[in-house]
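In my numbering, the protein residues as written are 2 to 258.
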């Protein structure tokens, strides 16, 4: 049994952050990092979708209704997901060469990330690590955040060359640099988090009239479509989806990790 945690959406100017943990058994050699899968093309999005919908189906969390699946994962579903049906990118659920025992996901809304985003990311990671109840959990890092111990009272911390290890009895939680490139369980968590983020962004784009096979605007500062999305959200009065309250040009000039 292996457990991994990762996130998607820490750096954008628009939309939610998704943090995901998985408990899995079997051969994970076929799992690729999310950045290798989601390459801004419908074909690659379908590849990621097949894996994520396949594991959700195996866990009984999948429904053709996006809203219903969201409720099964998060306990709630935003109105903008109503009427959407899977598959969104052409990737129907596929059988997997490994067994997923559990998926735990946290969504941190954009307006909550206007301050202390690394702290909120780290808190979600620790919460998931404790909830997975594995002897060892491997997680990516929450940006440059280093003090996970504030959320792990009673755990012993140890600095490593590539991260931080926390111990309590026989349990271990490791926060490691580039964990998604080194551990299949973290890569799988990253893939799920990225897919959830892309579903969220597809619905958010459509909410303000930006249509496409994949989300036209990613929400990242380097994307030339992000200012367009920001302007439309402000015009529609939907600023809760923005990470800041500045005018669009100021938001576009922000530097984020």
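Don't be surprised by glycine CBs; every beta carbon is placed ideally from N, CA and C.
Remember, predicted model here, so these are calculated numbers, not experimental data.
| message | Bridge partners for residue 22 per DSSP, in chain order? | response | Locating residue 22 in the chain shown gives position 21, where the first residue counts as 1. Answer is 6 and 105, bridged to residue 22.
| task | Kindly list the residues whose CB is nearer than 8 Å to the CB of residue 218, restricted to its own chain and excluding five residues on each side of it in sequence; keep chain order. | result | Here residue 218 corresponds to residue number 217 of the chain shown, with the count starting at 1. Taken in chain order, the residues that qualify are 15, 202, 206, 211, 224, 226, 227, 229 and 230.
| DSSP bridge partner residues for residue 164 (one or two, in chain order) | Translated into positions along the chain shown, residue 164 becomes position 163. Note: residue 164 sits in a beta bridge opposite 161 and 177.
| query | Quick one: any contact between the stretch 83-100 and the stretch 131-141, if contact means 3 or more CB pairs under 8 Å? | reply | no
| query | At which residues does the alpha helix (DSSP H) containing residue 95 begin and terminate? | reply | Taking the first residue of the chain shown as 1, we reach residue 95 at position 94. Residue 95 -> no alpha helix (DSSP H), and no H or E assigned at all.
| field | Cβ neighbour criterion (16 or more within 10 Å) applied to residue 186 | value | Against the chain shown, residue 186 aligns to sequence position 185. With 16 or more other Cβ atoms within 10 Å, it is buried.
| request: Indicate the three-state DSSP secondary structure (helix, strand or coil) for residue 124 in the structure shown. | output: Reading the chain shown from its first residue, position 123 is the one you call residue 124. In the structure shown, residue 124 sits in a helix (DSSP, three-state: H, G or I).
| Going by DSSP, which residues form a beta bridge with residue 133? | Taking the chain shown and counting its residues from 1, the one referred to as residue 133 is at position 132. In the DSSP output, where bridge partners are listed per residue, residue 133 has none listed.
| said: For residue 227, report the span of its alpha helix (DSSP H) as first-last. | reply: By 1-based counting over the chain shown, the position of residue 227 is 226. Unbroken alpha helix (DSSP H) run through residue 227: 227-236.
| Selection from 220, 214, 157 and 121 that minimises the alpha carbon distance to residue 44 | The count along the chain shown starts at 1 and reaches residue 44 at position 43. Considering only alpha carbons, the answer is 214.
| task | In the DSSP assignment, find the unbroken alpha helix (DSSP H) run with residue 55 in it and report its ends. | result | What you label residue 55 is simply residue 54 of the chain shown in a count that begins at 1. Unbroken alpha helix (DSSP H) run through residue 55: 43-59.
| task | Identify which residue in 136, 137, 119 and 172 has its Cα closest to the Cα of residue 149. | result | Here residue 149 corresponds to residue number 148 of the chain shown, with the count starting at 1. Of the candidates 136, 137, 119 and 172, the one whose C-alpha sits nearest the C-alpha of residue 149 is 119.
| Exposure of residue 171, with buried meaning 16 or more beta-carbon neighbours within 10 Å | Along the chain shown, one-based indexing puts residue 171 at 170. The residue in question, residue 171, is exposed, as its Cβ has fewer than 16 Cβ neighbours within 10 Å.
| message | By DSSP's criteria, residue 140 is part of a beta bridge. Which residues make up the other side? | response | The count along the chain shown starts at 1 and reaches residue 140 at position 139. In the DSSP output, where bridge partners are listed per residue, residue 140 has 6 and 176.
| query | Which whole-angstrom value is the C-beta distance of residue 94 and residue 51, which I expect to be below 8 Å? | reply | The residue labelled residue 94 in the question sits at position 93 within the chain shown. The residue labelled residue 51 in the question sits at position 50 within the chain shown. Confirmed, Cβ separation roughly 7 Å.
| query | How many angstroms separate the CA atom of residue 162 from the CA atom of residue 53? | reply | Residue mapping note: residue 162 aligns to position 161 of the chain shown, counting from 1. Residue mapping note: residue 53 aligns to position 52 of the chain shown, counting from 1. Cα-Cα distance, rounded: 32 Å.
| field | Rounded distance between the beta-carbons of residue 193 and residue 67, thought under 8 Å | value | Here residue 67 refers to the residue found at position 66 when the chain shown is read from its first residue. Here residue 193 refers to the residue found at position 192 when the chain shown is read from its first residue. Not really, about 15 Å apart at Cβ, beyond 8 Å.
| task | Take residue 174 as the anchor and find which of 46, 123 and 200 has the nearest alpha-carbon. | result | Numbered from its first residue, the chain shown carries residue 174 at position 173. The candidate whose alpha carbon is nearest that of residue 174 is 123.
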